[in-house]
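I have placed the structure first, in the form of structure tokens, so that the comments after it can refer back to it.
Numbering (UniProt numbering), first residue to last: 1 to 198.
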């Protein structure tokens, strides 16, 4: 059975991000996947790194936090991942940035000190889907900001931990979207999630 982690990072219940996450989780379960669904804000995931967690060499940085240890164990077991979050200031929300920093640690998600001198990704999840919402039109996003979320996920984070197939879909602009448009976006999210199984 395919094991997929779905990570939602939006603090407001009833947001369109919640609708996207719910649609993806239900659809993947209907397709027979084992889905580990996490609403990071609702779960109270603490994004702040402790001093003990900042090491990058030697043993796995100790979190001394059962929630973080659970996430580390889960992420190491996944076949694919889905991240759902808004574009805030060209960054993921703090709770998701902190999740990456606390969970994707040496010894769990990557290792340093290889013979080639490059980090080696350790995750077996070869595929990831990032679903973003935005209120910035696509042409302005690219021309003025250079789409920083694309760089964060497709260059800085996921390939570093071994995820070679990174897919990203942006739904925009959300604030002025109609019910019909949002329903279409939910269908698209389901289709993209199902494509992770191909």
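No residue lacks a Cβ here, since even glycine has one placed at the ideal position from N, Cα and C.
Where DSSP assigns a beta bridge to residue i, which residues make up the other side?
i           : result
residue 6   : 37, 82
residue 88  : 91
residue 133 : 86, 171
residue 128 : 81, 166
residue 120 : 111
Since residue i and residue j are thought to touch, with beta carbons under 8 Å apart, how far apart are those beta carbons, to the nearest angstrom?
i           : j           : result
residue 119 : residue 112 : 5 Å
residue 40  : residue 193 : 18 Å between Cβ atoms; not a contact.
residue 74  : residue 36  : 5 Å
residue 175 : residue 135 : 5 Å
Compare the Cα-Cα distances from residue i to each of the options and report the closest residue.
i           : options            : result
residue 177 : 144, 137, 196, 166 : 137
residue 101 : 77, 8, 46, 21      : 46
residue 125 : 99, 163, 179, 145  : 163
residue 68  : 89, 170, 105       : 105
residue 78  : 108, 132, 156      : 108
residue 187 : 154, 97, 20        : 20
In the structure shown, what three-state DSSP assignment does residue i receive?
i           : result
residue 12  : coil
residue 148 : helix
residue 19  : helix
residue 186 : helix
residue 108 : coil
residue 163 : coil
Item to check | Segment contact flag, the stretch 13-33 with the stretch 82-96, C-beta cutoff 8 Å, min 3 pairs | outcome: Because the criterion of three Cβ pairs below 8 Å is met, the stretch 13-33 and the stretch 82-96 touch.
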